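Visitor: Those protein sequences? They're chains A and B, same order as listed. Position 149 of the first sequence, counted from 1, bears residue number 148 in numbering that gives the first Met the number 0, the numbering being contiguous throughout. Position 46 of the second sequence, counted from 1, bears residue number 45 in numbering that gives the first Met the number 0, the numbering being contiguous throughout.
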Amino acid sequence: MDKTLKAFGLALALTTAIAGAAMAQPTEVRIGVALEPPALDPTAGAAEAIDIVVYQNVFEGLVRIDQNGAVQPGLAESWTISEDGLTYTFKLHDGVTFHDGTTFDAEDVKFTFDRILSEDSVNAHREFYEPITSISVIDPLTIELKLDRQIGRFLFDLGRGDAVIVAPESADNNANEPIGTGPFAFVQWDKGSRVVLEAYGPYWGEPVHLTKASYVFIGDTATMTNALLAGDIDGTNNFSTEALAVFEGNPQFNVLVGTTEGETILSTNNKREPFDNLKVRQAMAHALDRQAIIDGTTNGYGVPIGAPFAPHNPYYVDLTGTYPYDPDAARALLAEAGYPDGFSATLKLPPVGYARTSGQIIASQFAAVGIKLQLINVEWAQWLEDVYANKDFDLTIISHVEPFDIGNYANPDYYFGYDNPDFQALITTLNGTTDEAKRKELAIEAQTILANDAVNGYLFELAQTGVWNAKLTGMWQNSPIEGLVLRDIHWTE
Amino acid sequence: MKRLLSHPSLVIGLSATLVFLVVGIVSLIWTPYPIEQIDIPRRFLAPSAAHWLGTDNLGRDMMSLVMAGTWTSFLVAAVAVAIGVGVGVPLGLAAAAWGGPVEWLVLRLTDFVFAFPAVIVAILITTLLGPSAINAIVAIGVFNIPVFARVARGGALGVATLDFVAAGRLAGLGNALIAWRHLLPNIMSLIIVQGTIQMSLGILAEAGLSYIGLGTQPPETSLGLMLRDAQGVFLIHPWLTLVPGISIVLIVIALNIAGDGLRDAIDPRLRQGNPNVLA
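Right, here's the structure in full:
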């Protein structure tokens with residue numbers, strides 16, 4: 000008994016000592032994130048998890064998006080746009096180096112865009128940059144991009160994770176050992192556990208407050224809750240809403256509720272029977288009770304959507320009434336479509352809480368109108384491979400987190416296979432329009448088409464529900480672009 | 000019968016097991032609410048007259064879920080035990096009756112399977128075949144095989160040297176008939192006792208596999224799956240974890256008490272400690 004007590008006392012003394020040591024250096028941060036990225040190269044993958052770790056931390060683009068979604072100078076300190084809107088000339092920052100010591104100049108920018116536009120490009124969003132016709136190096140610090148048509152959001156697109164600048168010397172290894180120009184350099188990736196970043200001393204911009212940041216991968220809500228309570232992690236940018244009540248009202252934590260660009264949809268394989276039938280998709284839309292899905296999945300933190308468009312966007316139009324919840328109408332439409340007894344389909348669910356939970360709710364709602372869903376839980380890599388890349392699915396639930404990603408619906412090869420030439424023409428017009436009022440009009444028209452066509456089941460806009468140590472500040476409350484930007488995060492006393 | 004009833008632990012264990020079994024069987028024809036019925040507005044209700052055990056995070060009736068989950072547990076464990084008995088006992092008997100290379104082979108095979116921790120074998124199988132209740136049954140069944148093979152061989156070896164077996168051999172019975180007529184009836188009690196213990200282990204294994212997402216899949220339910228669903232909200236709604244957790248504990252304790260009682264009641268010889276059963 001005595002020995003146990005002594006051992007316990009010793010252990011207590013040790014933990015206190017360790018805690019004391021940690022408190023003396025408040026320049027490190029450990030952040031819990033639910034999904035581990037499949038790789039770390041944001042120019043070669045669609046997964047948000049990649050950007051969460053590296054966007055604006057390890058890698059930077061010519062411009063960067065700030066927490067209000069506005070475009071700010073990045074590696075380019077200034078730029079000019081020609082009268083016709085087709086030529087962009089960027090003046091680059093001097094004295095910028097990559098983390099391996101090589102110098103950043105206009106050749107790296109040219110290399111980056113040549114790589115995105117090459118025949119064998121693996122960029123997830125080549126289409127954003129496809130209007131670029133030429134990339135010319137004027138001098139080592141000046142680069143000129145020429146477009147074949149006007150693109151309204153071209154600067155924003157340059158600020159995405161897909162267009163961060165990489166060096167020819169290191170680009171091939173970025174998936175495992177990312178080397179960029181950002182304020183944080185990659186240190187190590189313990190697969191299945193964490194990624195460690197360290198402040199990069201010779202960083203060209205304003206020095207950052209943190210010296211070290213670790214991303215700890217914790218997929219399970221209960222484990223994340225315990226890690227936060229025990230102080231094993233200092234915060235997370237998106238905590239599962241089901242257990243958020245644990246931290247609300249706890250003065251040691253700061254719960255940050257904000258918006259994201261994540262439209263959560265019941266993604267539907269439009270090329271497969273019976274989903275190629277508009278009536279079937281309309282029936283499915285009528286069978287969805289959004290409010291129940293939002294309450295059950297996010298505890299009311301989501302905002303219902305009627306089209307794949309963010310409600311806080313100025314171009315947003317509320318289309319949730321297009322196909323209101325109406326099981327009778329759903330049954331009638333199914334009968335009209337030739338499925339009076341409904342049909343069976345599979346629903347593949349990636350390992351994220353909102354998908355697994357809403358999947359069960361949707362299966363129950365669909366069962367009420369005769370659609371029998373078989374739920375298949377898949378791992379993240381398997382989802383990217385089977386569903387996203389090989390389009391082998393009936394239905395899936397996923398949040399599309401890219402800003403202004405309505406253009407995906409104009410890509411007939413996109414995984415849900417929506418092929419509508421009218422819509423494609425509309426998006427081309429929209430992209431080429433710079434007049435704000437006209438853009439808004441076109442964006443509303445685009446949303447209306449997608450709502451009417453019931454391409455996917457539009458469920459809700461994800462909220463960002465961060466839980467952070469109350470002594471940390473500088474985190475983004477909203478998430479206007481995929482990423483978890485460490486730049487301004489620091490400890491206060 | 001009187002001898003059986005004189006063991007209180009056996010009576011308690013068996014009747015508790017029976018209660019759970021009946022609850023499980025009833026769930027096949029009737030549950031207070033359909034288990035797949037999700038009703039968001041009524042989620043997280045406390046126990047009440049309408050919902051005896053409250054409702055879960057999706058508004059499903061906990062009583063109905065526990066009933067259905069209990070059935071899943073029994074079914075998975077029982078089929079897994081049947082697999083173990085069906086394959087393991089013949090192997091063990093063959094080892095005892097034939098001896099020599101047959102025995103060597105059986106023992107090495109059981110050693111081989113035993114060399115992997117049971118849960119690892121189960122995870123391996125469900126990873127290869129995909130998560131489902133059926134694969135959980137196969138996984139748990141496979142790890143039951145060597146257990147029964149050893150118990151059968153150990154028990155049979157003790158019997159095989161007795162005079163009546165020798166008499167059978169003199170009468171011209173072959174190894175197979177010896178095993179069937181003389182060895183098997185004499186080790187039945189061992190098998191039954193071991194079966195009860197493996198049932199409780201099987202229920203635990205099923206709960207474990209479902210808990211880590213490799214067993215029963217929604218919208219089917221099992222006690223392990225209920226635990227998994229509830230753990231995220233454990234700090235806010237501990238009740239949701241307590242209900243399936245305590246159910247698992249009670250079922251396993253009931254089976255273990257029943258198993259101990261059976262061992263005492265059926266085979267007094269075992270009181271002297273037979274290593275084959277204790278193993």
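Ideal Cβ placement from N, Cα and C applies to all residues, glycine included. Note that the coordinates shown come from a computational prediction; the quantities given were computed from them, not determined experimentally.
(1) By the 10 Å Cβ neighbour count, where 16 or more other Cβ atoms means buried, how is L146 (chain A) classified, buried or exposed?
(2) Going by Cα to Cα distance, which pick from A:E205, A:P41, A:T224, A:R63 is closest to G31 (chain A)?
(3) At the level of alpha carbons, what is the spacing between N477 (chain A) and G465 (chain A)?
(4) Would you please state the rounded distance, in angstroms, between the beta carbons of L394 (chain A) and T345 (chain A)? I believe it to be under 8 Å.
(5) Which residues in chain B have a C-beta closer than 8 Å to the C-beta of E359 (chain A)? List them in chain order.
(6) Does the stretch 201 to 216 of chain B come within contact of the stretch 246 to 264 of chain B, defined as at least 3 CB pairs closer than 8 Å?
(7) Can you give me the Cβ contacts of R63 (chain A) inside the same chain, cut-off strictly under 8 Å, excluding the 5 residues immediately before and after it?
(8) Buried or exposed, going by whether 16 or more other CB atoms sit within 10 Å of the CB of T427 (chain A)?
(9) Determine contact between the stretch 41 to 61 of chain A and the stretch 74 to 94 of chain A, defined as no fewer than three beta-carbon pairs at a distance below 8 Å.
(10) Sorted by chain position, which residues of the same chain lie with C-beta nearer than 6 Å to Y324 (chain A)'s C-beta, five sequence neighbours on each side aside?
(11) Whole angstroms are fine: how far does the CA of H50 (chain B) sit from the CA of Y32 (chain B)?
(12) Kindly list the residues whose CB is nearer than 8 Å to the CB of A462 (chain A), restricted to its own chain and excluding five residues on each side of it in sequence; keep chain order.
(13) Could you check whether the stretch 360 to 367 of chain A touches the stretch 404 to 422 of chain A, counting it as contact only if at least three pairs of C-beta atoms, one from each stretch, sit closer than 8 Å?
(14) How is the beta strand (DSSP E) around F252 (chain A) delimited, first residue to last?
(15) Out of A:V165, A:P273, A:H92, state which residue places its alpha-carbon closest to the alpha-carbon of D40 (chain A).
(16) Around the Cβ of K371 (chain A), are there at least 16 other Cβ atoms within 10 angstroms (buried) or fewer (exposed)?
(17) Tell me the DSSP bridge mates of H489 (chain A)?
(18) Would you mind working out which of A:D412, A:A282, A:G482 sits nearest I51 (chain A), comparing C-alpha positions?
(19) So for R63 (chain A), helix, strand or coil by DSSP?
(20) CA-CA distance, P339 (chain A) and L332 (chain A)?
(21) Comparing the C-beta of D294 (chain A) with each C-beta of chain B, is any distance below 8 Å?
(22) Is DSSP giving G23 (chain B) helix, strand or coil here?
(23) Along the chain, where does the alpha helix (DSSP H) that runs through R289 (chain A) open and close?
(24) Between the stretch 81 to 100 of chain B and the stretch 37 to 53 of chain B, are three or more C-beta pairs nearer than 8 Å?
(25) Among residues of its own chain, excluding the 5 on either side of M198 (chain B), which ones have a beta-carbon nearer than 7 Å to its beta-carbon?
(26) Pick from B:D228, B:D263, B:R168, B:I211: whose alpha carbon is nearest that of N56 (chain B)?
(27) DSSP three-state call for F185 (chain A): helix, strand or coil?
(28) Given a threshold of 16 other Cβ atoms within 10 Å of its Cβ, counted over all protein chains shown, does I28 (chain B) qualify as buried or as exposed?
(29) To which residues does DSSP link S72 (chain B) through a beta bridge?
(30) Can you check which of these residues, A:T86, A:V28, A:D138, is closest to Q149 (chain A) by C-alpha distance?
(31) Starting from the C-beta of G260 (chain B), find all residues in its chain whose C-beta is less than 6 Å away, skip the five residues before and the five after it, and write them out in chain order.
(32) Using the beta-carbon count (16 or more within 10 Å), is L127 (chain B) buried or exposed?
(33) Hey, could you find the ends of the beta strand (DSSP E) D138 (chain A) is sitting in?
(34) Taking D418 (chain A) as the reference, which of A:P250, A:A388, A:D452, A:P326 has the closest Cα?
(35) So, does the CB of I122 (chain B) fall closer than 8 Å to a CB anywhere in chain A?
(36) Residues in its own chain within less than 6 Å of A184 (chain A) by CB, not counting five upstream and five downstream?
Guide: The answer reads as follows:
(1) Stepping through the first sequence from its first residue, residue 146 (chain A) is reached at position 147. L146 (chain A) counts as buried, since no fewer than 16 other beta carbons sit within 10 angstroms of its beta carbon.
(2) Translated into positions along the first sequence, residue 31 (chain A) becomes position 32. Of A:E205, A:P41, A:T224, A:R63, the smallest CA-CA separation from G31 (chain A) is found for A:T224.
(3) As a position in the first sequence, residue 477 (chain A) is number 478, starting the count at 1. As a position in the first sequence, residue 465 (chain A) is number 466, starting the count at 1. If you take the alpha carbons of N477 (chain A) and G465 (chain A), they lie about 9 Å apart.
(4) Numbered from 1 along the first sequence, position 395 holds the residue referred to as residue 394 (chain A). Numbered from 1 along the first sequence, position 346 holds the residue referred to as residue 345 (chain A). Taking C-beta atoms under 8 Å as the contact rule, L394 (chain A) and T345 (chain A) qualify, at a distance of about 7 Å.
(5) Numbered from 1 along the first sequence, position 360 holds the residue referred to as residue 359 (chain A). This sequence places Gln at residue 359 (chain A); Glu is not what is there. Think of a sphere of 8 Å around the beta carbon of Q359 (chain A): the chain B residues whose beta carbon falls inside it are I37, L57, P217, P218, in chain order.
(6) Segments in contact, yes.
(7) Residue 63 (chain A) sits at position 64 when you count from the first residue of the first sequence. Cβ neighbours of R63 (chain A) beyond the five flanking positions: Q55, V70, Q71, P72, G73, G158.
(8) Within the first sequence, numbered from 1, the residue matching residue 427 (chain A) stands at position 428. Burial check for T427 (chain A): the Cβ neighbour count within 10 Å stays below 16, so the residue is exposed.
(9) Counting C-beta pairs with one atom in each stretch, the stretch 41 to 61 of chain A and the stretch 74 to 94 of chain A have three or more that are closer than 8 Å, which means they touch.
(10) What you label residue 324 (chain A) is simply residue 325 of the first sequence in a count that begins at 1. So the qualifying residues of the chain are D288.
(11) Taking the second sequence and counting its residues from 1, the one referred to as residue 32 (chain B) is at position 33. Taking the second sequence and counting its residues from 1, the one referred to as residue 50 (chain B) is at position 51. Between Y32 (chain B) and H50 (chain B), the C-alpha separation is close to 9 Å.
(12) By one-based count along the first sequence, residue 462 (chain A) stands at place 463. Excluding positions up to five away in sequence, the list reads T240, V256, G257, T258, T259, T297, Y300, G301, V302.
(13) No, the stretch 360 to 367 of chain A does not touch the stretch 404 to 422 of chain A.
(14) Against the first sequence, residue 252 (chain A) aligns to sequence position 253. Counting along the chain, the unbroken beta strand (DSSP E) around F252 (chain A) starts and ends at 252 to 267.
(15) Position 41 of the first sequence holds residue 40 (chain A). Ranking the options by Cα distance to D40 (chain A), first place goes to A:V165.
(16) Working through the first sequence from its first residue, we reach residue 371 (chain A) at position 372. Classification of K371 (chain A): exposed, given that the 10 Å Cβ count is below 16.
(17) Numbered from 1 along the first sequence, position 490 holds the residue referred to as residue 489 (chain A). DSSP lists A:T472 as partners of H489 (chain A).
(18) For the purposes of this step, residue 51 (chain A) is identified with residue 52 of the first sequence, where counting begins at 1. Measuring from the Cα of I51 (chain A), the nearest candidate turns out to be A:G482.
(19) In the first sequence, residue 63 (chain A) corresponds to position 64, counting from 1. R63 (chain A) carries a strand assignment under DSSP once its states are collapsed to helix, strand and coil.
(20) In the first sequence, residue 339 (chain A) corresponds to position 340, counting from 1. In the first sequence, residue 332 (chain A) corresponds to position 333, counting from 1. Rounded to the nearest angstrom, the two C-alpha atoms are 9 Å apart.
(21) Taking the first residue of the first sequence as position 1, residue 294 (chain A) is located at position 295. D294 (chain A) belongs to the set of residues whose beta carbon lies under 8 Å from a beta carbon in chain B.
(22) In the second sequence, residue 23 (chain B) corresponds to position 24, counting from 1. The answer is helix: DSSP assigns G23 (chain B) an H, G or I state.
(23) As a first step, residue 289 (chain A) must be located in the first sequence, where it is residue number 290. That run of the alpha helix (DSSP H) goes 289 to 297.
(24) No, because fewer than three Cβ pairs between the stretch 81 to 100 of chain B and the stretch 37 to 53 of chain B fall closer than 8 Å, the two stretches do not touch.
(25) The residue you call residue 198 (chain B) lines up with position 199 of the second sequence. Within the same chain, Cβ atoms closer than 7 Å to the Cβ of M198 (chain B) are found at A76, A77, V80, L254, the five residues on either side in sequence being excluded.
(26) Translated into the one-based positions of the second sequence, residue 56 (chain B) becomes position 57. Checked all of B:D228, B:D263, B:R168, B:I211; the closest Cα to N56 (chain B) is B:D228.
(27) Taking the first residue of the first sequence as position 1, residue 185 (chain A) is located at position 186. Strand.
(28) As a first step, residue 28 (chain B) is located in the second sequence; it is residue number 29 there, counting from the start. Classified as exposed, I28 (chain B) has fewer than 16 neighbouring CB atoms from the shown chains inside 10 Å of its CB.
(29) Position 73 of the second sequence, counting from 1, holds the residue named residue 72 (chain B). Partner(s): none; S72 (chain B) has no beta bridge.
(30) On the first sequence, position 150 is the one that residue 149 (chain A) refers to. That would be A:T86, whose Cα lies nearest to the Cα of Q149 (chain A).
(31) On the second sequence, position 261 is the one that residue 260 (chain B) refers to. Shown here for G260 (chain B): same chain residues with a beta carbon closer than 6 Å to its own, the five before and five after excluded, namely H6, S8, L9, G12 in chain order.
(32) Here residue 127 (chain B) refers to the residue found at position 128 of the second sequence. L127 (chain B) is exposed by the Cβ-count criterion.
(33) Position 139 of the first sequence, counting from 1, holds the residue named residue 138 (chain A). Segment 131 to 138, the beta strand (DSSP E) holding D138 (chain A).
(34) Along the first sequence, one-based indexing puts residue 418 (chain A) at 419. The closest CA to that of D418 (chain A), considering only A:P250, A:A388, A:D452, A:P326, is found on A:D452.
(35) Mapped onto the second sequence, residue 122 (chain B) falls at position 123. Not closer than 8 Å to any Cβ of chain A, the Cβ of I122 (chain B) fails to qualify, so no.
(36) The count along the first sequence starts at 1 and reaches residue 184 (chain A) at position 185. Within the same chain, A184 (chain A) has close Cβ partners H98, E197, Y199.
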